[in-house]
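K.L.:
Got a structure for you, questions after.
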Amino acid sequence: MESDVTAQALTVRGLRATRGGTPVLRGVDLDVASGDICALMGVSGAGKSTVLRAIAALQSFSEGSIVVDGFALQPGPVPPESRLRPLRSKVGFVFQAHSLFEHLTVMDNVTLAPIHAQGWTRERARGVAAGLLETLGVAARSAAYPRHLSGGEAQRVAIARALALDPQLLLMDEPTSALDPARRGALGETLSALAKHGRGLLIATHDVDFAQDHADRVAVLADGVLVEYGAAREVLANPTHPATRALLQATNVSAP
Amino acid sequence: MYREQQPAPDIPLTFALTTTLFIRAAQLGALLLLVGCRATRGDGAAHPPLRWGGDAEGGAPFVEADPNDPSRVRGFDVEIADLIARGLGRRGQFIQVAWASIAQSVERGDFDIGLSGIEDRPELRERQSLTIPYFEFREVLAVRPADRDRFRTLADLAGRRVATLGSTTAYQILLDEQARAKVVPVSYDDDVHPYTDLVAGRVDAVLLDNIIAERRLRVLGGFVIQPEAVATGHYVGVLARANVALRDSVNAILRERMRDGSLEKIFRGWDVWDDAQAKYFARVLADTSAGVARNASNGPTSPFSYLPSLLRAAGITLALSVLSMVLAVAFGTAVAAGRVYGSALVRGVLTVYVEVVRGTPVLLQLFVIYYGLSGVVRLPAFLAAVIGLGLNYAAYESEIYRAALEAIPRSQLEAARTLGLSEGQILRLVRGPQALRLALAPMTNDFVALLKDSSLVSVITVVELTKQTAIYAANIGSWVVPGILCALVYLSLSLPLSRFARRLERKWSLT
């Protein structure tokens, strides 16, 4: 797909959400351009996952607006799944725990939604899935069941599954948490390649090195508001907010 | 021959059941008291008391708790026991025992003599010492008034269902007639429900002792007794096989009391005396040999001759279990889905269903479905058994499925949602298949348990494997061979099942 400099994969304005009556998000503005990798950073509990879940319509939000590739979500209860169908092919979600379907092979994990939710023929779904698995380097594992995959393999299968419907926006929750440094680099290259094809990627992470090496933009979330937002190099080189500095310090202390 | 378990006939059954339970509890308490009282009563005699066994659950006119003083029993068997005890210079001490167990209990030495409307049967005569018969009864047919002229004898009842009490001469007669006159014997565990089912139209006739039939007619009504007797039988006292000495003393006393009219007085008191009885007594007194020739019965048989009927009963057990399980799985799935996905109201209703079913005995549920609902819908026994067991097990299955459904990680379900699968598709394609794997082992356990619990349906007249075994054991007077055969059949059904489930589980856990 042609990538236009101004094309927005995601636009979030004034997003407010509560959990159990406590405000979690208190007015978040966020843009992810097509072709960009945006790292959504912050300490645990800052609200990163809530942002992702609201965008994927897995949880409600009380105020603000979310627009994904022209599809708008309104505040209030999560709409019924039938009304969300357009959103489902626009947003892919890779969960922290991969959450592969344990009873299905790698191939069936990837083709389940195209066949049953989109009505593709089995041949078409398998063709697309084979291509994705090849691109992600796990084609050899097509017939394996999830329990026999390594952590890295499972993650790549989860990415392939999320990409099967060719979404314009890919959401990832802490993708590096279970990876060693070499695998982190490989993942970064994979994601860069996906962005080059015109997708927007929003990645919740507290991994500063990963953001530094692979993100185009960084948004820092603290106490439910965005405290910094800009080009990755600028934000991480010249942090202006204590929360960003705290993140960087934590990383420097633990850095090898 | 008797067992009675019935309050007034026009009381709704659920209530009647409760009442019966209360009455039984009261009887039991009363009997305990009775035993206690008798033990403390002054006993001048040097002899130990004559312990006699009977079943007060059987009721009048044999043995029943005295309505005026429930701590005592009354009935003609009670008075005969007292007569015998007095004749021996001892006092009587009543021991409560389940009617079907009297012979085995006396052989064990639980008491000295059993007196409780026990029939003189050839098999019994082979194994125990029996007194001379002290009463002659007639096996009579009861039919609905409309059939009075149609069904006069067993021969008129070809292809018809004829009810009786299990393990009795009457049942043996029906089994013999099954081959000859093609009647369909239906065995009950008590002597009340054959008559209620006759009135309700579930069976076309009842064959039982005239004593029982006449009593049921007075209490229940709604049927007529055919005047022509199908056979005659006799009540005897039963003693341990080796206890010939006591038997001879008792026989002497019985003869003497027949002669002096004491027995006649007792039977008149219970309104069971007639001319036939007088003639019978005269015959006994004229003949000094103790034995009374019995009519028809097949001679003793080898254990293997029972095998075909055991296998047929095993088939019924298997069919019953499979059909019940199919119903339990289908309904249990629906209940589990309702409890996981349903509205608050649906969840509430289903929770009540599950808790009520799990919190009450399946026996009670079977009674309610078969007898309690008979005013609304008259289910055939087998169907009622399938429904009763199926609905009971559905409650347990639903809990297994609910737990299995809830064990599937939430994030998998959310992943499925973000992929655009509908709730129904998620259940069908993601949640259900994984839950099924988790549920398989407990389901197999339940099916094996159901296989065994299916023996409970004999209370609603379905003759399955255990019931057939009990009939067979009663016939030959031993549980050893029938018990082993029965156990082998159950094992041959349950073991392959467990193995199959283990294989399936292993296969799925390796994939």
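Those protein sequence lines, which keep their order, are chains A and B. Residue 230 in this note's numbering sits at position 230 of the first sequence; the count goes up by one each step and never skips. Residue 1389 in this note's numbering sits at position 389 of the second sequence; the count goes up by one each step and never skips. Don't be surprised by glycine CBs; every beta carbon is placed ideally from N, CA and C. Note that this is a predicted model, so its numbers are computed, not measured.
1) Under 9 angstroms between beta-carbons, which chain B residues line up against Phe61 (chain A)? List them in chain order, please.
2) Along the stretch 1403-1416 of chain B, what residues have a CB closer than 8 angstroms to any CB found in chain A?
3) For Asp1082 (chain B), does the three-state DSSP call read helix, strand or coil?
4) Return the chain-ordered ranges of every alpha helix (DSSP H) run that is complete within the stretch 1224-1298 of chain B and spans a minimum of 4 residues.
5) Tell me, to the nearest whole angstrom, how far the beta carbon of Val91 (chain A) is from that of Ile55 (chain A); I am working on the premise that it is less than 8 angstroms.
6) From B:Pro1145, B:Leu1157, B:Gln1172, pick the residue whose C-alpha is nearest to that of Glu1123 (chain B); which is it?
7) Determine, using beta carbons only, whether Val91 (chain A) comes closer than 8 angstroms to chain B.
8) Show which residues of chain A have a CB atom less than 9 angstroms away from the CB atom of Leu1600 (chain B).
9) Closest by CA to Gly1420 (chain B), which one among A:Pro80, A:Gly27, A:Ser65?
10) Between the C-alpha atoms of Ala1319 (chain B) and Pro1308 (chain B), what's the straight-line distance to the nearest angstrom?
11) Using a Cβ-Cβ cut-off of less than 8 angstroms, list which residues of the stretch 1312-1337 of chain B approach chain A; keep chain order.
12) Between which two residues does the alpha helix (DSSP H) containing Gly1332 (chain B) stretch?
13) Buried or exposed for Tyr1490 (chain B), please, with buried defined as at least 16 other CB atoms from any protein chain shown within 10 angstroms of its CB.
14) Terminal residues of the continuous alpha helix (DSSP H) containing Arg233 (chain A)?
15) Please classify Ser177 (chain A): does DSSP put it in a helix, a strand, or coil?
16) Taking the beta carbon of Glu153 (chain A) as the centre, do at least 16 other beta carbons fall within 10 Å, making it buried, or is it exposed?
17) Return the chain-ordered ranges of every beta strand (DSSP E) run that is complete within the stretch 47-75 of chain A and spans a minimum of 3 residues.
18) Taking only beta-carbon positions, decide if Leu1032 (chain B) is within less than 8 angstroms of chain A.
19) Using a cut-off of 8 angstroms between C-beta atoms, extract the partners of Glu102 (chain A) located in chain B.
20) Asp1066 (chain B) lies in the beta strand (DSSP E); which residues open and close that run?
21) Nearest-angstrom Cα distance between Asp31 (chain A) and Lys1507 (chain B)?
22) Against Ala97 (chain A), what residues of chain B qualify as contacts under a CB-to-CB distance less than 8 angstroms, listed in chain order?
23) Do the stretch 1047-1056 of chain B and the stretch 1092-1103 of chain B meet, that is, are 3 or more Cβ pairs less than 8 angstroms apart?
24) Taking just the CA atoms, how far does Thr1351 (chain B) sit from Asp69 (chain A)?
25) Keeping to the same chain, check which residues put their C-beta closer than 8 angstroms to that of Leu1485 (chain B); ignore five residues upstream and five downstream.
26) So does the stretch 1441-1456 of chain B actually touch the stretch 1312-1331 of chain B, counting three or more Cβ pairs closer than 8 angstroms?
27) Reducing DSSP to helix, strand and coil, say where Gln8 (chain A) ends up.
28) At what residues does the beta strand (DSSP E) containing Gly1054 (chain B) begin and finish?
29) Which runs of the beta strand (DSSP E), 3 residues or longer, sit entirely within the stretch 1111-1174 of chain B?
30) Quick check: the Cα distance between Ala162 (chain A) and Phe93 (chain A), rounded to an integer number of angstroms?
31) Using three-state DSSP, classify Thr190 (chain A) as helix, strand or coil.
32) Starting from Ala56 (chain A), find everything on chain B with Cβ-Cβ shorter than 9 angstroms and list it in chain order.
33) Using the Cα positions of Pro146 (chain A) and Ser82 (chain A), report the straight-line distance between them to the nearest angstrom.
34) Roughly how many angstroms lie between the CA atoms of Gln1005 (chain B) and Gln1425 (chain B), to the nearest whole one?
35) Return the chain-ordered list of same chain residues with a C-beta closer than 6 angstroms to the C-beta of Glu1399 (chain B), the five sequence neighbours on each side being excluded.
36) Cβ closer than 7 angstroms: which chain A residues qualify as neighbours of Val1430 (chain B)?
P.N.:
From the atom records:
1) Counted from its first residue, the first sequence places residue 61 (chain A) at position 61. By Cβ distance, chain B contributes nothing, its closest Cβ being about 16 angstroms from Phe61 (chain A), past 9 angstroms.
2) Pro1409, Ser1411, Gln1412, Glu1414, Ala1415, Ala1416
3) Stepping through the second sequence from its first residue, residue 1082 (chain B) is reached at position 82. Helix.
4) 1244-1259, 1262-1269, 1275-1286
5) Position 91 of the first sequence, counted from the first residue, corresponds to residue 91 (chain A). Position 55 of the first sequence, counted from the first residue, corresponds to residue 55 (chain A). With a Cβ gap of about 7 angstroms, Val91 (chain A) and Ile55 (chain A) count as contacting.
6) Along the second sequence, one-based indexing puts residue 1123 (chain B) at 123. Comparing Cα-Cα distances from Glu1123 (chain B) to each of B:Pro1145, B:Leu1157, B:Gln1172, the minimum goes to B:Gln1172.
7) In the first sequence, the residue the question calls residue 91 (chain A) occupies position 91. Chain B, which has a Cβ nearer than 8 angstroms to the Cβ of Val91 (chain A), makes this yes.
8) For residue 1600 (chain B) there is no data in the structure shown, the boundaries of chain B being 1001 and 1511.
9) Position 420 of the second sequence holds residue 1420 (chain B). Taking only the C-alpha atoms, the option nearest Gly1420 (chain B) is A:Pro80.
10) The count along the second sequence starts at 1 and reaches residue 1319 (chain B) at position 319. The count along the second sequence starts at 1 and reaches residue 1308 (chain B) at position 308. Ala1319 (chain B) and Pro1308 (chain B): Cα-Cα distance of roughly 17 angstroms.
11) none
12) Reading the second sequence from its first residue, position 332 is the one you call residue 1332 (chain B). Counting along the chain, the alpha helix (DSSP H) containing Gly1332 (chain B) begins and ends at 1307-1341.
13) Residue 1490 (chain B) sits at position 490 when you count from the first residue of the second sequence. Result: buried.
14) In the first sequence, residue 233 (chain A) corresponds to position 233, counting from 1. From DSSP, the alpha helix (DSSP H) with Arg233 (chain A) extends over 232-237.
15) Within the first sequence, the letter at position 177 stands for residue 177 (chain A). Note: Ser177 (chain A) maps to coil in three-state DSSP.
16) Along the first sequence, read from residue 1 onward, the residue named residue 153 (chain A) stands at position 153. Result: buried.
17) 63-68, 71-73
18) Translated into the one-based positions of the second sequence, residue 1032 (chain B) becomes position 32. Only weak support is given to the placement of Leu1032 (chain B): the predicted model assigns it a pLDDT of 48, under 50, and the question is left unresolved by the model.
19) Along the first sequence, one-based indexing puts residue 102 (chain A) at 102. Chain B residues near Glu102 (chain A): Gln1412, Gln1434.
20) Translated into positions along the second sequence, residue 1066 (chain B) becomes position 66. 1064-1066 is the extent of the beta strand (DSSP E) around Asp1066 (chain B).
21) Counting from one through the first sequence, the residue named residue 31 (chain A) turns up at place 31. Counting from one through the second sequence, the residue named residue 1507 (chain B) turns up at place 507. Looking at the two C-alpha atoms, the distance is approximately 49 angstroms.
22) By one-based count along the first sequence, residue 97 (chain A) stands at place 97. Those are Pro1409, Ser1411, listed as they occur along chain B.
23) yes
24) Against the first sequence, residue 69 (chain A) aligns to sequence position 69. Against the second sequence, residue 1351 (chain B) aligns to sequence position 351. The straight-line gap from Cα to Cα measures roughly 45 angstroms.
25) Within the second sequence, numbered from 1, the residue matching residue 1485 (chain B) stands at position 485. Once the five neighbours on either side are set aside, the close Cβ partners of Leu1485 (chain B) are Pro1303, Tyr1306, Leu1307, Leu1310, Thr1469.
26) yes
27) Indexing the first sequence from 1 puts residue 8 (chain A) at position 8. Residue state, collapsed to three classes: strand.
28) Taking the second sequence and counting its residues from 1, the one referred to as residue 1054 (chain B) is at position 54. It spans 1050-1054 - the beta strand (DSSP E) in which Gly1054 (chain B) sits, taken as one unbroken run.
29) 1113-1119, 1135-1143, 1161-1165
30) Against the first sequence, residue 162 (chain A) aligns to sequence position 162. Against the first sequence, residue 93 (chain A) aligns to sequence position 93. One C-alpha to the other measures close to 6 angstroms.
31) Translated into positions along the first sequence, residue 190 (chain A) becomes position 190. Residue state, collapsed to three classes: helix.
32) What you label residue 56 (chain A) is simply residue 56 of the first sequence in a count that begins at 1. The answer, in chain order, is Glu1414, Arg1417, Thr1418.
33) Position 146 of the first sequence holds residue 146 (chain A). Position 82 of the first sequence holds residue 82 (chain A). Those two C-alpha atoms are separated by around 29 angstroms.
34) Residue 1005 (chain B) sits at position 5 when you count from the first residue of the second sequence. Residue 1425 (chain B) sits at position 425 when you count from the first residue of the second sequence. Reliability of the predicted coordinates at Gln1005 (chain B) is poor, the pLDDT of 44 falling under 50, and the value obtained from them is presented with this limitation in mind. Answer to the nearest angstrom: the Cα atoms are 53 angstroms apart.
35) The residue you call residue 1399 (chain B) lines up with position 399 of the second sequence. Excluding positions up to five away in sequence, the list is empty.
36) Counted from its first residue, the second sequence places residue 1430 (chain B) at position 430. The contacting residues are Phe101.
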